[in-house]
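Colleague: I have a structure I would like to understand better, so I am pasting it below and will then ask my questions one at a time.
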Amino acid sequence: MQSLPRLAMFAPSSRQAVPFLTRPVPEHALALGLLSPGSLRDSDPHDAVFRSGAPSATLGVRPSARAWLSLNGTGLSVRNLLLALPLVTFTAACGGEPLAADVPAVADEAIGQAEQQVSLSGTYTWRTNQAEFTYTSIGTSTNRTCFLTGLGGSLQPATPDDISRAFAGAHLLGDQWVVSINQYVDRALSTNVQCVNTAANRTPEVVWSKGEAAKLLGAVTPNRRCFLTRIEASGAFDSTADSVRVWNDNINWYLGGDLADDGGARALCVDFPEVHGNWLLISGADAIHHDLAYNPGGVACFLTEFGGRFNQDSYDDGVSVSYNAGTRTWEMDLSPVKRGRAVCVK
0 MQSLPRLAMF
10 APSSRQAVPF
20 LTRPVPEHAL
30 ALGLLSPGSL
40 RDSDPHDAVF
50 RSGAPSATLG
60 VRPSARAWLS
70 LNGTGLSVRN
80 LLLALPLVTF
90 TAACGGEPLA
100 ADVPAVADEA
110 IGQAEQQVSL
120 SGTYTWRTNQ
130 AEFTYTSIGT
140 STNRTCFLTG
150 LGGSLQPATP
160 DDISRAFAGA
170 HLLGDQWVVS
180 INQYVDRALS
190 TNVQCVNTAA
200 NRTPEVVWSK
210 GEAAKLLGAV
220 TPNRRCFLTR
230 IEASGAFDST
240 ADSVRVWNDN
250 INWYLGGDLA
260 DDGGARALCV
270 DFPEVHGNWL
280 LISGADAIHH
290 DLAYNPGGVA
300 CFLTEFGGRF
310 NQDSYDDGVS
320 VSYNAGTRTW
330 EMDLSPVKRG
340 RAVCVK
């Protein structure tokens with residue numbers, strides 16, 4: 000049995016870490032999907048594409064650790080704690096395969112259930128540099144939804160013929176949200192997750208893998224927005240051409256991708272009435288740092304596309320979306336040879 004992951008919770012006043020232990024997720028979590036077997040098109044005047052050549056960015060550095068969760072307080076009550084995380088993230092995107100036959104039944108949006116703004120409910124970082132499956136609960140799923148905002152490190156298997164699947168991101172487990180990483184080599188892998196206080200018309204989580212037709216997430220409705228929750232790979236994401244994404248064709252929302260080797264992604268949808276920008280960033284030899292949406296109150300940004308080369312033994316080599324409270328602006332960072340799309344909503 001794996002050892003219990005250690006958590007560090009930072010008090011707003013002292014900033015000193017107070018260690019405590021969390022209850023382990025039951026072993027039957029594996030049967031519930033924690034271990035998988037196997038361009039967003041909103042019309043918006045703020046749509047933009049950026050390629051490397053912009054000013055470089057240095058992602059945040061933290062000491063090497065086996066597995067940890069960082070929670071940085073802002074002085075709010077514990078119930079509404081806004082948490083800060085390091086800049087290490089990635090997102091994947093691409094795809095246009097025909098709709099799969101075995102699509103889930105997804106209810107249309109119910110009138111009057113959409114929230115009027117985004118209320119943040121925790122920013123989490125989880126990471127490991129060992130071959131292990133590690134996880135922890137990050138809170139209730141009642142009126143609360145969590146999306147992927149970053150990934151860094153290596154998703155590559157130990158050998159080219161290894162069929163083991165690495166993954167990182169958030170996942171629904173019963174009435175709880177879980178952040179988890181599955182790593183098969185002793186190399187760094189990190190994920191960032193942002194939660195918000197809404198579950199308005201939330202759709203079931205959908206899994207797409209290489210070789211499958213694009214998966215239906217749900218019908219397009221006035222308020223529905225869909226985002227990535229987890230990235231999975233067993234040989235994929237070793238090339239700038241590899242990507243996964245969610246998108247809509249003005250009729251339905253889909254999850255799919257274009258991968259040279261085995262891999263995939265997970266995604267789900269929830270209602271946000273407003274879109275405040277859509278940015279696709281593609282880095283070459285240079286890193287990219289770019290400001291996304293200014294936050295007048297109630298704006299949040301998540302990943303809808305993720306791709307590139309993830310083969311470095313570094314938590315800081317990845318894609319990330321994060322909020323800079325000092326400038327009241329959401330920001331996006333890409334290390335070299337990465338691809339990511341972020342959409343901001345309210």
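For the sequence shown, position 307 matches number 306 in numbering that gives the first Met the number 0, and the numbering has no gaps at all.
Yeah, the Cβ is synthetic: ideal placement off N, Cα and C, and Gly gets one too.
Looking only at C-alpha atoms, which of Thr328, Asp241, Glu330, Asp261 sits nearest to Val336?
Modeller: Of the candidates Thr328, Asp241, Glu330, Asp261, the one whose C-alpha sits nearest the C-alpha of Val336 is Asp241.
Colleague: Where does Asp270 land, buried or exposed, given buried means 16+ other C-beta within 10 angstroms?
Modeller: The residue in question, Asp270, is buried, as its Cβ has 16 or more Cβ neighbours within 10 Å.
Colleague: Measuring only the C-alpha atoms, how far is Asn128 from Ala187?
Modeller: Each residue's alpha carbon lies about 4 Å from the other.
Colleague: Just mark Arg340 as buried or exposed, buried being the case when its beta carbon has 16 or more other beta carbons within 10 Å.
Modeller: With 16 or more Cβ atoms within 10 Å of its Cβ, Arg340 is classed as buried.
Colleague: Short check: CB of Lys345 to CB of His275, under 8 Å?
Modeller: Taking 8 Å as the Cβ cut-off, Lys345 and His275 qualify as a contacting pair.
Colleague: To which residues of the same chain is Arg265 closer than 6 Å at the C-beta, ignoring the five residues directly before and after it?
Modeller: Around Arg265: Glu204, Val206, Thr228, Arg229.
Colleague: Take the Cβ of Thr197 as the centre, count every other Cβ of all protein chains shown within 10 Å, and call the residue buried at 16 or more, exposed below.
Modeller: Buried is the call here.
Colleague: Can you name the start and end residues of the beta strand (DSSP E) that Gly327 belongs to?
Modeller: Inspection of the sequence shows that residue 327 is occupied by Arg rather than by Gly. Run containing Arg327: none; DSSP gives neither H nor E here.
Colleague: Quick check: the Cα distance between Gly351 and Ser120, rounded to an integer number of angstroms?
Modeller: Outside the modelled stretch of the chain, which goes from 0 to 345, sits residue 351, for which no answer is possible.
Colleague: With DSSP as the reference, label Asp160 as helix, strand or coil.
Modeller: In the structure shown, Asp160 sits in coil (DSSP, three-state: anything other than H, G, I, E or B).
Colleague: Could you check how far apart the C-beta atoms of Tyr322 and Ser189 are, in whole angstroms? I think they sit under 8 Å.
Modeller: About 18 Å separates the two Cβ atoms, so there is no contact after all.
Colleague: By DSSP's criteria, Phe146 is part of a beta bridge. Which residues make up the other side?
Modeller: Paired residues: Gln193.
Colleague: Starting from Gly296 and walking both ways along the beta strand (DSSP E), at which residues does that stretch end?
Modeller: No beta strand (DSSP E) contains Gly296, which DSSP labels as neither H nor E.
Colleague: I need the boundaries of the beta strand (DSSP E) containing Leu154, first residue and last residue.
Modeller: Element bounds for Leu154: n/a, residue is neither H nor E.
Colleague: Do three or more CB pairs link the region 133-141 to the region 158-176 at distances below 8 Å?
Modeller: A contact exists between the region 133-141 and the region 158-176.
Colleague: Count the other C-beta atoms from every protein chain shown that fall within 10 angstroms of the C-beta of Pro159, then say buried if there are 16 or more, exposed otherwise.
Modeller: Burial call: exposed.
Colleague: Is it a yes or a no for the region 207-225 touching the region 245-256, going by three-plus beta-carbon pairs under 8 Å?
Modeller: The region 207-225 vs the region 245-256: in contact.
Colleague: Among residues of its own chain, excluding the 5 on either side of Val184, which ones have a beta-carbon nearer than 6 Å to its beta-carbon?
Modeller: Taken in chain order, the residues that qualify are Ala130, Ala157.
Colleague: Using DSSP with H/G/I as helix, E/B as strand and the rest coil, what is Ile250?
Modeller: Ile250 falls in the coil class under three-state DSSP.
Colleague: Please confirm whether Gly234 has its beta-carbon closer than 8 Å to some beta-carbon of chain D.
Modeller: Included in the structure is just one protein chain, with no chain D present.
Colleague: Contact check, Asp260 vs Gly234 under 8 Å by CB: the rounded distance?
Modeller: Between Gly234 and Asp260 the Cβ distance is about 3 Å, and since that is below 8 Å, they are a contact.
Colleague: Can you tell me where the beta strand (DSSP E) holding Asp270 begins and where it ends?
Modeller: Element bounds for Asp270: 261-270.
Colleague: Going by DSSP, what residue range makes up the beta strand (DSSP E) through Gly317?
Modeller: From DSSP, the beta strand (DSSP E) with Gly317 extends over 317-323.
Colleague: Report yes if the CB atom of Val178 is closer than 8 Å to the CB atom of Thr122, and no otherwise.
Modeller: Against a cut-off of 8 Å, the Cβ pair of Thr122 and Val178 comes out as no contact.
Colleague: Helix or strand or just coil, what does DSSP make of Leu258?
Modeller: Three-state result, Leu258: coil.
Colleague: Compute the Euclidean distance between the alpha carbons of Asn191 and Ile281, then round it to the nearest angstrom.
Modeller: Their Cα atoms are separated by approximately 20 Å.
Colleague: Give me the DSSP bridge partner(s) of Gly121.
Modeller: None, per the DSSP bridge assignment.
Colleague: For the beta strand (DSSP E) containing Thr133, list its first residue and its last residue.
Modeller: Taken as a continuous stretch (DSSP letters only), the beta strand (DSSP E) holding Thr133 covers 131-139.
Colleague: At which residues does the beta strand (DSSP E) containing Lys337 begin and terminate?
Modeller: Element bounds for Lys337: 337-344.
Colleague: Tell me whether Ile162 is buried or exposed, calling it buried when 16 or more other Cβ atoms sit within 10 Å of its Cβ.
Modeller: The residue is exposed, with fewer than 16 neighbouring Cβ atoms inside 10 Å.
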